[in-house]
Every structure is written in C-alpha cells, then in structure tokens.
Amino acid sequence: MTGSQSAETDVLQQGFTFLEGPRWHDGEIWVSDMDGLAVHAVDVAGNVRTVTEVPGRPSGLGWLPDGRLLVVSMADRAILRLDPDGLTVHSDLSALAAHDLNDMWVDRDGRAYISEMGVDIESFLAANSQAVTKGDMGALATADVPTAKLFRVDPDGSVAEVAADLRFPNGVTVSPDGEQLVVAETLGQRLSVYDLRDGRLAGRRTASLGFLPDGISAMDEEGCVWVASPFTNSAERVTLDGQSAGRVRSDRMVIACDLGGPDGRTLALCTAPGADRTATVRESRLETAVVSIPRRVVP
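Just so you know, our numbering puts 894 at position 30 of the sequence shown, and the rest follows in order with no gaps.
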C-alpha cells in the first residue's frame, strides 16, 4: 500500500454558502451549494458557472448514461433530473424517507444510491451544540438517533430500499467495477461496505474509523477512498477495512471530497469555517490538493 499525503491545500474558489456533494465530471468539479440553493461547475482554473438552481436544497450529484444530471433535493426528498427544458422530478422518495435525503452516487448503468439522514439535522445540531463547538466526537457518536436507510433509484425512477440500520449514512461511492458499494456512517464512525450485484446489496462489512466521516470520494487505483473528516479539518485516505493510508489537511472543516481531475490525482475538498451556517454567510470554499495515487478508471 502506497501512502498518499499532502501537507496543505490550495483554494480553487471561494464565496459559497455551504458546499456539498463534489463530483468530478468532464474535467470540472461539480458542487452543490446547499444553502445557496444552486449547483455549480468549477473548472481547474477556478472559473465558476451556475448549472441550475434547486430551491429544495441540493446535495448529492450524479449523471445518467445519456449525460443528464441528477441532483438530490434534500427538503423535497426527491431526485431531480436536469432535462434540456429544465429540472423535473426523476423520483419522489417522500413516502419512504423519514427525513431529508443526503448524498448520492450514480453508477455507470444509471442506478442512483441515496442516503437519508435519519434525523432532522438542524434539531440535532442544536441539541448537541456544545459537542459540535468542542468537536466532541464521542458525545456526537453516542447521541440517540434513529437508524436510517439507503435507497436505490433505477433509471426509470422506480425506488427500492436496499439497506437499513445505518447511523446517519452520509457519503456514498461505488467501486469502478460496480461490484462494491461503500457508505460512510457519520454517527457510527465507520464505513459499511457491501457486495453489489445488479443493484442489490449483500454481505455487509463494517470498518471502524475513529472519526466522524462525512463525504466520500471515488476509489483510487489501490482500492482506497478519501473520507472527509470535519472535526479534524482533514480528508483521510483509508482502506475499506478502515486502515489509515494518508491524509490531506485544511485549516477548516472538510465536509466532502472527490478524487479526479485531468490526471486523476486532484482531490477536491468542500470546506467550511464551522458547523454553524446561514444562507447570508458566504465563507465556504472549494479547495484542492494533488495526491500520489490516482482515481481508478475502468474502461
């Protein structure tokens, strides 16, 4: 296993409200400005273009095989699709998801895997404000919250529940060969790894991390993933059994990350000065770091 580490990040662009769900696509890093209610695409020079506005608070992003964008509308508990004439509902999960939807990964066949929070995040943060302020991961991890689910949305918009008993499922990724799915459980302080066959999950294994994970990247060539660790101001490179294999540090909370770019070695990080946020404060950044092991690509 080759270590992959960078001492610091560079700021690619700033002035966002709260960035989430970064995904490399066609040479740009696409991000959801959750509180800014918009999806943006940023090129490697830092030029920003606004792709679409999402009044229901955007989060996870992905693409159908024909190139159309899918975006999680958190408050609507729906997956929206960007057609040539604008956004439309691709799939409505409001009858199945008890709380806001969260992150998403869309595989090469157009199947979308979506996490739900399982808790009202604003109420949770308010009830645990002292632990959040202190970065007390132990207190947050032992908080009493219901377990949550993972859903699959097929290309025709039909929905299936594919996993349950998850403690605040957050970032989701699928291996490049389509045979494994990984979900970061924030309040479980762990990864859950599943075998994936024809959209069905089986053989769950858990890997303890020792930190509260948030977003998660695409896999690299050694089968590792980068996991955002907000309370340590870092992105952690880990094996699927939870072993540390590298770190990238920021001077602020790292909320989500993805690996890609022109040579596959650019780690994009969504960062924020703290967990408290409002739509009027524009202090979220998109940062980057060059790492040694590139993203794995399967033809």
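Using N, Cα and C, we set each Cβ at its ideal position, and we do this for glycine too. Note that the coordinates shown come from a computational prediction; the quantities given were computed from them, not determined experimentally.
Asked	Found
Nearest to Ala1028 by CA position, among Ser1148, Ala1120, Gln1107, Phe1015, is which residue?	Phe1015
Rounded to whole angstroms, what's the CA-CA distance from Gln878 to Val895? Just pull it up for me.	12 Å
With the cut-off set at 9 Å, would you say Val1089 and Asp1078 are in Cβ contact?	no
To the nearest angstrom, how far is the alpha carbon of Arg1159 from that of Glu1151?	17 Å
Ends of the beta strand (DSSP E) at Phe880?	874–880
Indicate the three-state DSSP secondary structure (helix, strand or coil) for Arg1061 in the structure shown.	strand
Once DSSP output is grouped into helix, strand and coil, what is the label at Thr1103?	coil
Look at the Cβ atom of Ser923, then the Cβ atom of Ala942, and state whether they are nearer than 9 Å.	no
For Asn911, does the count of other Cβ atoms within 10 angstroms reach 16, so buried, or fall short, so exposed?	exposed
Nearest CA to the CA of Ser1156: which residue from Glu1049, Gly1021, Arg1101, Pro1137?	Arg1101
By DSSP, does Glu1053 sit in helix, in strand, or in coil?	For the sequence presented, residue 1053 should be read as Gln rather than Glu. The answer is coil: DSSP assigns Gln1053 none of H, G, I, E or B.
Could you give the C-beta distance for Glu917 and Met898, rounded to a whole number, given that I count them as a contact under 8 Å?	With 8 Å as the limit, Glu917 and Met898 do not qualify as a contact, their Cβ atoms being about 12 Å apart.
For the beta strand (DSSP E) that contains Gly974, what are its first and last residues?	Premise fails: Gly974 is in no beta strand (DSSP E) and is neither H nor E.
Arg945 lies in the beta strand (DSSP E); which residues open and close that run?	942–947
In chain order, what are the residue ranges of uninterrupted beta strand (DSSP E) at least 3 long that sit wholly in the stretch 1110–1163?	1117–1124, 1130–1136, 1148–1154
Span of the beta strand (DSSP E) holding Pro886?	883–889
Closest to Val875 by CA distance: which of Val1162, Met938, Ala1136, Pro1163 is it?	Ala1136
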